[in-house]
Amino acid sequence: MGAASSLAGSEAYAGKLCGLEDVPENCITAMFMCMEPSEICILARVNKSFHRASRSDTVWEHKLPLNYKFLVRRILEDQQVGEKDKVISRTKEIYARLCRPNFFDAGTKEAWLDKRSGKVCLAISPKAMKITGFDDRRYWERIPSDESRFGSIAYLRQVWWLEAVGNIRFEFAPGKYSVLFKIHLGKPLRKCGRKTCNLDQVHGWDIKPVRFQLSTSDGQSAMSERHLDEPGRWFYHHVGDFVVENQNSPVWVKFSMLQIDCTHTKGGLCLDCVIICPFEFRGKYTCFD
Numbered sequence: 005m006g007a008a009s010s011l012a013g014s015e016a017y018a019g020k021l022c023g024l025e026d027v028p029e030n031c032i033t034a035m036f037m038c039m040e041p042s043e044i045c046i047l048a049r050v051n052k053s054f055h056r057a058s059r060s061d062t063v064w065e066h067k068l069p070l071n072y073k074f075l076v077r078r079i080l081e082d083q084q085v086g087e088k089d090k091v092i093s094r095t096k097e098i099y100a101r102l103c104r105p106n107f108f109d110a111g112t113k114e115a116w117l118d119k120r121s122g123k124v125c126l127a128i129s130p131k132a133m134k135i136t137g138f139d140d141r142r143y144w145e146r147i148p149s150d151e152s153r154f155g156s157i158a159y160l161r162q163v164w165w166l167e168a169v170g171n172i173r174f175e176f177a178p179g180k181y182s183v184l185f186k187i188h189l190g191k192p193l194r195k196c197g198r199k200t201c202n203l204d205q206v207h208g209w210d211i212k213p214v215r216f217q218l219s220t221s222d223g224q225s226a227m228s229e230r231h232l233d234e235p236g237r238w239f240y241h242h243v244g245d246f247v248v249e250n251q252n253s254p255v256w257v258k259f260s261m262l263q264i265d266c267t268h269t270k271g272g273l274c275l276d277c278v279i280i281c282p283f284e285f286r287g288k289y290t291c292f293d
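In my numbering, the protein residues as written are 5 to 293.
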């Protein structure tokens, strides 16, 4: 009798075993908060409960950087996403939009979120910088390029005094950031659909090093020098790093590239952009070839 009763009870219990559709939505939400965005999007297809949880404001606000409201105001306001009530109710859409290339300041700067970490990266075009002789076609040429985030690169024919200075006022989330110049020796060309490079005008960079500098409004600074001796390929020069400690506090970041020895001319240099990225992403760019 006892054995039969136990068997009947276990059969009844087996019939009540829960499936994925029975998992409480708040449990799914808590689980999603520990996952990467790509994993959340995959699991959203499991069932309706997972789908609803994948659209939760709680989940996506947790994935957004701490300064996301600033990013909405500064970058997405042209898309009419900036009202406080919309920010709260559309965090998944905000995350998706910020992960795309977002141009601002008349298209001279770009910001995007890393899809996995939700951390912000910036790119600044030469058009947003003060560059010696930049508007004089005797010295500089703007070349259309599919290798550039901005659709064109600045090519230096020849100059005695090179000074390229830029700055940006931005509200960074707390953390450590790196500044890098993306440069190239030689004029990139396409012949018969293949990429090639003209090195005829490359000269003067092996005599004296180029000095790179950065400084911030809270007193941080860094300086590095480099002989440019790697023609025919793009490379990212790491200028230095700065640390942001305070949330909701905009920081001025100033950066420059200088070779002001007027004893010789230099030419054949391409400048694509300046990258500001989280410190842990630095290797992604410095290893670029």
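Cβ coordinates follow ideal geometry from the N, Cα and C atoms, glycine included.
Everything numeric in this text was worked out from a predicted model, so none of it was measured.
- About 6 Å separates the beta carbon of Asn171 from that of Trp256, a gap short enough to meet the 8 Å contact definition.
- Secondary structure at Trp116: strand, using DSSP grouped into helix, strand and coil.
- Just measuring C-alpha positions, the residue of Lys96, Glu81, Leu75 sitting nearest Phe36 is Lys96.
- Contact holds between the stretch 211-223 and the stretch 242-261, because three or more Cβ pairs, one in each stretch, are under 8 Å apart.
- Of the residues Asn71, Ile79, Asn202, His242, the one whose Cα lies closest to the Cα of Phe108 is Ile79.
- Bridge pairing for Glu81: absent [DSSP].
- Cβ contact annotation for Lys113 (same chain, cutoff 8 Å, sequence separation greater than five): Phe107, Leu126, Ala127, Ile128, Ser129, Ala132, Ile172, in chain order.
- In this structure, the alpha-carbon of Leu232 lies about 30 Å from that of Phe174.
- The beta carbon of Glu145 sits closer than 7 Å to the beta carbons of Tyr159, Arg161 from its chain, once the five residues preceding and following it are set aside; these are given in chain order.
- Comparing alpha carbon positions, the residue from Ala100, Asn51, Lys52 closest to Ser42 is Ala100.
- For the options Cys45, Pro69, Asn71, Lys73, the alpha carbon positioned closest to that of Ser60 is the one of Cys45.
- Ser228 and Ala168 do not touch by the CB rule: their CB atoms are close to 15 Å apart, not below 8 Å.
- In the displayed model, Ile98 falls within a helix according to three-state DSSP.
- CA-CA distance, Asn202 to Gly272, rounds to 9 Å.
- Contact between Arg286 and Ser182 holds: CB atoms are separated by about 4 Å, below the 8 Å threshold.
- Glu29 is not a Cβ neighbour of Arg120, given a cutoff of 8 Å.
- Secondary structure at Val243: strand, using DSSP grouped into helix, strand and coil.
- DSSP lists Ala115 as the beta-bridge partner residues of Asn106.
- Tyr240 places its beta carbon 8 Å or farther from that of Lys199.
- Distance from the CA atom of Asp245 to the CA atom of Ile279, rounded to whole angstroms, is 12 Å.
- Around the beta-carbon of Phe283, fewer than 16 other beta-carbon atoms lie within 10 Å, marking it exposed.
- Nearest C-alpha to Pro235 among Val206, Arg215, Ala226: Val206.
- Using a 10 angstroms sphere on the CB of Leu193, the tally of other CB atoms stays under 16, which defines it as exposed.
- Taking Ile157 as the centre and dropping the five residues before and after it, the same chain places the C-beta of Ile147, Ser149, Cys274, Asp276 closer than 6 Å to its C-beta, in chain order.
- Residue pairing by DSSP places Gly271 opposite His207 in a beta bridge.
- Pairing Glu25 with Ser58 gives a Cβ-Cβ distance that is not under 8 Å.
- With contacts defined by Cβ atoms closer than 8 Å, Lys270 and Val163 form a contacting pair.
- Counting the other Cβ atoms within 10 Å of the Cβ of His55 gives fewer than 16, which makes it exposed.
- Within the stretch 151-204, the runs of beta strand (DSSP E) that reach at least 3 residues and sit entirely inside it are, in chain order, 156-160, 166-174, 179-189, 191-195, 198-202.
- Counting C-beta atoms within 10 angstroms of its own C-beta, Lys67 has 16 or more neighbours from the protein chains shown and is therefore classed as buried.
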